[in-house]
Each structure stands twice: as structure tokens, then as C-alpha cells.
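For reference, the structure is listed below as C-alpha cells.
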Amino acid sequence: MFITFIITVFLFFMFIKLIPDNYVPPIFQGNDWYEINRIREGWDKPIIVQFFYWVRNIFVDGSFGFSIIYRRDVSSVYFGKIPASVKINIIPYFLSIPIAITLGIIAALKKNKIADHIISIMIMVFISVPYFVVAVLSQFVFYFQLGWAPSHVIATASEFAERGLAYGLSTYILPVIVLTITAIPGLARNVRAELTEQLTQDYMLLARSKGLTRRQAIFRHALKNALVPFLPGIFIGIIGVMSGGIITEQIFRVDGTGRLYLAAFNGRDYALLMLINTFGQFLFLLSAIVGDLSYTLFDPRIRVGSGKLS
Amino acid sequence: MINNVDKNKLILIREDDERITDLPLETKEIGYYKDSWNRFKKNRASLAAFVIICVIFFFILVGPYMKKYDLPDRDSTAASRLGYLTPRIPGIENLGIFDGTKTITRGKQFLHHMYFSEFGEGIILEGMPEELIEDINHPDYENVSEITVKVDYYKYINYITSYMPERYFGIIRENEINGTYNDPLGEVRQTLTKEKFDEYMAKNYIIDILAIKESVNPNNPDEPYYQYEVRINQFLSSLNQLPEDTYFWFGTTSRGHDLFTEIWTGARISLLMAISVLIINTIVGLTLGAMAGYYGGVLDLLFDRMVEIVSSIPFLSVLTLLILRYGSALWVIVLAFTATGWIGAYYTGRMQFYRFKNREYVLAARTLGASDARIMFKHIFPNTLGLIVTGYALAIPAFVFAEASYAFLGIINYSNATSVGMLIQQGQAVMQVHSHLLIYPSLYIAILMIAFNLFGNGLRDAFNPSLRGVE
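Taken in order, these protein sequences are the chains called A and B. Residue -7 is where the first sequence starts when you use the numbering used here, and the numbers rise one by one after that. Residue 9 is where the second sequence starts when you use the numbering used here, and the numbers rise one by one after that.
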């Protein structure tokens, strides 16, 4: 797993270095930063040597490279943007999980009744319609047509200072609702499918025959079994909150990591792209480890160390 | 016990030597596909989705040719003057929707002048206060500078592009204040030569003549050059029809393209991309998966490591890096989608071939001397076909979804085409004033995605034999 991480990071690095740079030194001006970085990152050396320079700089100086659009070290740019992304993502994340699980349970218990049909149709619609369409249309309807939302984007720091905390927070309501709603259907559908399957298992029949009521049997046995597959995913999702979403941040003008990615893409800031990809890959690795470990935590049938490693 | 039975009491019920056989079934035989189709038909939502998909495909095939409108190719300047027209469909316009009207807010003097000018007749449909019509300086409206009215937007656009620009009174006022001499009719004033003038006159394009300029012809002093400064009816001169007869079903974009045509051409690109990605993914993934699953051993192990690395690379990174390197042509997008996309087909192929390779029928084929390739293609492959085909129906919307999302973000930005995601992005920028540019592309993609997902789910259930008789 760790080896995969290193290989993929190296692949990113190599591919970024293969992109033509087309750097033109400015005329009649100092070109100091270019010369400094050329020496520091070994731009005149082979790619594989540059990669080791890059790794060395990370561990020796804590530097991930020099951003050509922001004119400072990329790590200070990137890590400074993470709080904004977390701020917009964390509330919808914690709101959506209980709602999704509840809806999934209701749909499974009332299978083929009206409640199930309504929930299933909503799930179908919100899974199908692309997220950005939902977000943009909600902006259009709730801000431009109905005027309920105070703004179609979230407030910036200066607007917070100018128009007060209440206004600033109220601009968060629309994106939070949209994010919550679009995060629900996937989980709800899986919970419904899993619980439906658990309800037809033989142990449910046994539980009923030994005298438990339907409610007791569901909550003590079926539910526990049905939710086990999702708990690691929920843990992993917390890590995912950090990486933010490009679409959300672009639509609602969040000054976070997602917009930074677009800025790096449009401005061809390769050092920044490299850092973002590496960090994303790191989060991926981290979530895989957390996922594996948390399985043992929730499911007593799985233990660390037993059985051979594959 | 048996031995105690008196054998004399046993009698034969049937004396003759008749052979007893099974009766042939009298019902008609139902094959796998027939059965699947029967069960698919029962799922009404999926059937409706199937019909919708057929309709969408029909429009994708013929939609771009339904409207004869080549103005943007002929004259992009004239086309951009016809930008942002609202939707209008013949027939439906009488019901109050798709009638090409729009509610706008403009200066009262401008609207008042439009109301009484001959050319502006019938533009304002409602919203003009009675008092203001009688007297522009009515005391009730002294402090009101702007009025909101509902207009026939086609006529309105014709009015402002050919008769009087929206800034007419603004420029006059600026001239009074600053003492400048800017031409208030500058945007609509057009200068024609004699030949052009005669031609337009014959076709009745010209509204009025503002000035005639005479200049000396050096070759022949008796015949001086004439230049005519005129106002031209924009719709007549560029479309050869009156605004009343002009219909843009979904309106026009900022550059004057017909939105209806644009949506279907965009849809064609994204579906073309999705299908080509799907075909490449399947071929690459299945071939590798079949080899890994069938031969196993070291090959399988090597492929497994490779797949682990490839699958851990995020799609977004691949896409951005490829676009930065090679630009944003269609083949780059297809390459980006296939670079990591074949993993799914690989897993399917590997699993199926691994499962079937030790079956008896494979052993039988091998005993009869069939080659590996023959076993793989002729015997195992047909068994995996059902799984692959049902996967298609759910994979196409996934690709369309991703393509639309990244086109919306501006990461995918075709240089010579407009996909639906790009249309939505353009619509989002102007959604406050020209909402039709946002609504129709969004609706298209929403309907397409819902239909495809419903259809795919129905297909998956129908082809799954274990669900037989459950519903």
C-alpha cells in the first residue's frame, strides 16, 4: 500500500515534469527566483534526480516547491486553504449521515408502501441529477427567483466584517442544505438495500420465533448487521472532508482547496498541482489504512493478524 | 413384510407393452432473452425511461438538422445581435408559455418613446402605467425613473438593434451634461453604398434614411459617390423574416446560436465520448482480465499489482495532467477516461474467466483439442456477455455525468464544440437575466440521467435470473 503511494506520487511527478514548461525569462529584470529554484530543485538534472531533490526538500526544509502564481511556498498556500473547505463540508457531512440512515431504515421497513416509494423516488432523482445542476438550480430558484437566500454565494471574510456575523452565517444555509441533500441518497440507498437483505435472513426468523417482537428483532439484530458495512465508510468520509469539493467551491465561491486546484490548473502552477495531487494521494492512503483498521473495530468477525496477508 | 404378500392377489393394470414417456410441454418455450424482456416490460418506470431514451436519441440524431439557421456561420456579428432571445414555440405560444416574452426594467423615457413610435408598436404587452402613457411628466411618476414591463422580446431586440439603442436617451443626456457630441444612434446607424442601398430598398429592409453623403468621384466628376446612412430592420436583413415569424424553440445563446440545436449537438458529443470510452474500456479491460483470469499464476500477480497502482490514481489527476499536456481535444478526454476506466471491465473479466475456466464444459472443449483462444472466445465469453451488456446501461450515464461535471468546471473545454456542461456553465453566468440559458440544458441533463438510471436498473433486474418470479 505504501509502495503504491510512492509509485503513484512518482508517476505524478514524472508526468508533470514531462509537460513543457515554456518559461520565458523576463527581459531587463532580475530572474533570481528562477535561478534559486533551479539550483534548489535541480531543474537541470534528470527527472529521477529531481524527484529525490523534491523529496529531500520536503524533509529538510518542509518545502513542496515554489508557486508561480502566488509567489511563495506552495505548502503555505495550500494548507492555509484547508480550513475554508472543512468549514463548508463538515456540517453537511454530519447532518447527512443520520438523515440518510434514518431514511434508509424507514424505506426498508416499509418496503413497497407509500413511504418507501416516495423515498425511493427521491433517492433515484437525486442520485441521477448531477450535483452541479442541483446546486446551480437551487441558486437560481432560491436566490434569483424567490429571494429567500441572502446571497447566491457564501460571504467572504470582508463581507463578514462589513455586514455582521448573522449575515455571514446565513449565506452558509443554502450551500449546507444543498450539500446535505445531495450527500443523502447514496448512503440511504445502500442502507435500504442492506437492511432489506438482512430482514430476510434466517436469524430474523429465529429471533421472532424465540419471542422477540418485530421491533426488538430489528433493532437488536438486523440493524446492527446492516450498518456494519457502512461504519468504516463514515470514518473514511471524515478524511474526505479535508479534500473539499471542486464543484461546491466553484459554485458557491468558497475560497478553499477545490478552487485552488482550478486556479493551479488554469494558471499552470505545476508545483501546486504536484502538492495537491500528492496530498490527495496521501489522504487516499490514510483513508485506506483507517478503513482497514476500523473494520476490525466494528466487525468482530474480522481481526488483525489472523489469516494470511494478501 | 413384502414377502408375506400373496402373489396371486397382484394383478397387472396394463397388459400391453406400452412405453411410458414424458408428455411434451404444451406451453411455448421462453428463452433467456425473451424472459428478460417479459420481466423488463413489467417494470413500467423502466419502460417509460426506455421510451424517453429513444426520444432523446431521436433528437440527438435529427435535432441539429431540424432548424435551418446558419446565421452564426454566415455572419457572426449579425448573429450576436440576436443573442439571448427567449424561447418561443409555434402553437404552444398561445398558451402563455414559450411565447417569447420577457419582463424587463428600462428607463421610462425610453419605454414611453417606444410605446408611441411607429416601429415600436406592439412591443410592450403589459405593465405600462396608464398615467405615464398620457403624460411622460405625470406627477405620480416623478421620482420613478425605471418601469418594469412585459415585452415581446423578439420585437424588442429588433427595436434596439435596428431602430433605437437602449442607451439612446442616456447618450443624449451625457451630451447635454458634458457638452460632447456622441452619436446616440451610433449602434444602429449603418452606412451603405449605392448598390447595397438599392438592393436593400428593393427588399424593403430599410426603415428610414438618416443622411445621404455625397463624395466626389475622381474618375467621373459628373457622377459623385453616394453613401446612405440608414437604419435597417435587423431581423429582415439577417433572417429575411419578421420577428413575429421568427421562432427559436429554446431561445438563443449569447452569440446568437440556436439553443435547441446547441443542446443536441452537445449531447451528441458527450454520448459519442461515452460510447467510445465504453467500447475501448471493454476491449482493453476484458482482454487483460481474460488473460489474467484464464492463465492465472505469475501473469495474474503482475496484472494485479499494476491494477492496484492504476486504480489508486484519481481520475481528476489523470484528466488535468493529460489536458495540460495535450490540450482539450476529444481524443484526450477519451484517453483520460480510458486510462483508469478499464479497471471495472478488468475485474469483471477476471472474475468470470477465473470462475468458468475449471468448469466441465471447458474441460470437454479442451479434451476435444480446442485452443485457448477458442475456449476463451467461443465458450467462456458468451457466458459473460449478459453481465457486460447490463453494465453498459449504467456506465453510459456515469460517463455523461462526469463529462458534464468537468465541462461545467471548465476543465474539459473543447475548442471546436460546446458540450452540455459548457452550456450550463455559460447559463450560470447569466442566470439572473437570461434564465432560459440555464434551465433548458439543466433540464435536458437531468431528464437524461434519470431516464438512463431507471432504464439501467430495470435492465439489470431483468437480466438477473435470480430475481425471476420474485416481483
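Cβ atoms here follow ideal geometry from the backbone N, Cα and C, with glycine treated the same way. All values derive from a computational prediction rather than experimental measurement.
C-beta neighbour in chain B for residue i, strict 8 Å
i	result
A/Met114	no
A/Asn182	no
A/Arg260	yes
A/Ser120	yes
A/Gly272	yes
A/Thr288	no
A/Ile40	no
A/Leu161	no
A/Ile8	yes
A/Leu264	no
A/Phe136	yes
A/Phe303	Lying before the first or after the last residue shown, residue 303 of chain A is absent from chain A, which here runs from -7 to 302.
A/Phe2	no
A/Asp24	no
A/Thr148	no
A/Asn81	no
A/Phe257	yes
Other residues of its chain near residue i: CB distance less than 6 Å, five sequence neighbours each side excluded
i	result
A/Asp247	Ala76
B/Val478	Its pLDDT being 45, under 50, B/Val478 is placed unreliably by the model, and the measurement read from it follows with that caveat. If we look at B/Val478 and ignore the five residues flanking it on each side, it has no Cβ neighbours.
is_contact[residue i, chain A] using C-beta, thresh 8 Å
i	result
B/Gly477	At B/Gly477, the pLDDT of 48 sits below 50, so the modelled position is not reliable and the matter cannot be decided from this model.
B/Ile388	no
B/Met359	no
B/Ser499	The first residue shown for chain B is 9 and the last is 479, placing residue 499 of chain B beyond what the model contains.
B/Phe48	no
B/Ile271	no
B/Met281	no
B/Leu18	no
B/Leu244	no
B/Asn461	yes
B/Leu31	no
Beta-carbon neighbours of residue i, restricted to chain A and to distances below 8 Å
i	result
B/Ser413	Pro122, Tyr123, Phe124 and Ile239
B/Ile432	Phe124, Val125 and Val128
Proximal residues to residue i (C-beta, below 7 Å), its chain only, five neighbours per side dropped
i	result
A/Ser130	Leu166 and Val170
B/Tyr354	Gly293, Leu296, Gly297 and Val315
A/Leu301	Because the pLDDT of A/Leu301 is 47, which lies under 50, any placement of that residue in the model is unreliable, and the number read from its coordinates should be weighed accordingly. Taken in chain order, the list of residues that qualify is empty.
A/Lys103	Thr188
B/Ile97	Phe106, Tyr255 and Trp257
Same chain, Cβ closer than 8 Å to residue i, five either side skipped, listed in chain order
i	result
A/Val233	Ser77, Val78, Asn81, Ile82 and Tyr85
B/Tyr189	Asn183
A/Gly259	Ile60 and Ile61
B/Arg114	Glu154, Ile155, Val157 and Glu174
A/Met(-7)	Leu277, Ala280 and Ile281
A/Thr174	Phe118, Tyr123, Val126 and Ala127
A/Ala263	Phe56, Gly57, Phe58, Ser59, Ile60 and Val66
B/Ile388	Ala298, Tyr302, Gln360, Phe361, Phe364, Lys365 and Val370
Partner residues on chain A for residue i, Cβ-Cβ distance less than 9 Å
i	result
B/Ala454	Val117, Ser120, Val121, Pro122, Val125, Val126 and Leu129
Within chain B, partners of residue i - CB distance below 7 Å
i	result
A/Ile(-1)	Ile317
A/Ile11	Leu332 and Arg333
A/Thr(-4)	Glu316, Ile317 and Ser320
Contact belief for residue i with residue j at Cβ below 8 Å, rounded distance in angstroms
i	j	result
B/Ile131	B/Tyr164	5 Å
B/Gly135	B/Lys158	5 Å
A/Gly178	A/Ile111	Actually they are not in contact, since the Cβ atoms of A/Gly178 and A/Ile111 sit about 13 Å apart, beyond 8 Å.
A/Leu231	A/Leu275	Note on identity: in this sequence residue 231 of chain A is Ile, with Leu being the wrong assignment. About 5 Å separates the two Cβ atoms, so the contact holds.
B/Leu446	B/Met439	4 Å
B/Ala412	B/Gly429	4 Å
B/Glu270	B/Thr426	6 Å
A/Leu223	A/Phe290	5 Å
Proximity test, Cβ basis, 8 Å: residue i and chain D
i	result
B/Leu332	Here the protein chains are A and B, and chain D is not one of them.
Chain A residues whose Cβ lies nearer than 7 Å to that of residue i
i	result
B/Ser443	Phe132
B/Gln440	Phe136
Contacts of residue i in chain B (Cβ-Cβ under 8 Å)
i	result
A/Thr188	Neighbours of A/Thr188 on chain B: none; closest Cβ ~12 Å, over 8 Å.
A/Phe5	Near A/Phe5 there are no residues of chain B at all, since even the closest Cβ is about 11 Å away, more than 8 Å.
Beta-carbon neighbours of residue i, restricted to chain B and to distances below 9 Å
i	result
A/Thr192	By Cβ distance, chain B contributes nothing, its closest Cβ being about 11 Å from A/Thr192, past 9 Å.
Query raised in the report: Between the segment 214 to 238 of chain B and chain A, which residues of the former have CB atoms less than 9 Å from a CB of the latter, in chain order?
Result: Taken residue by residue, none of the segment 214 to 238 of chain B has a beta-carbon sitting less than 9 Å from a beta-carbon on chain A.
Report task. Taking only beta carbons into account, state which residues of the segment 297 to 329 of chain B come closer than 7 Å to chain A, listed in chain order. Result -> Look at the segment 297 to 329 of chain B: the residues with a C-beta under 7 Å from a C-beta of chain A are Glu316, Ile317, Ser320, Ile321, Pro322, Ser325, Thr328 and Leu329.
Requested in this report: Closer than 8 Å, Cβ to Cβ, to anything on chain B: give me those residues from the segment 83 to 108 of chain A, in chain order.
Outcome: Within the segment 83 to 108 of chain A, not one residue has a Cβ closer than 8 Å to any Cβ of chain B.
Requested in this report: Check each residue of the segment 241 to 254 of chain A: if its Cβ is closer than 7 Å to any Cβ of chain B, include it; give the result in chain order.
Outcome: Listed by position, the residues of the segment 241 to 254 of chain A near chain B (Cβ gap below 7 Å) are Gln242 and Leu254.
Query raised in the report: Listed from N- to C-terminal order along the chain, which residues in the segment 394 to 424 of chain B have their beta-carbon within a distance smaller than 8 Å of any beta-carbon of chain A?
Result: When C-beta distances to chain A are compared with 8 Å, the residues of the segment 394 to 424 of chain B below that value are Pro405, Phe409, Ala412, Ser413, Phe416, Leu417, Gly418 and Ile419, in chain order.
Query raised in the report: Along the segment 166 to 179 of chain B, what residues have a CB closer than 7 Å to any CB found in chain A?
Result: Those would be none; no residue qualifies.
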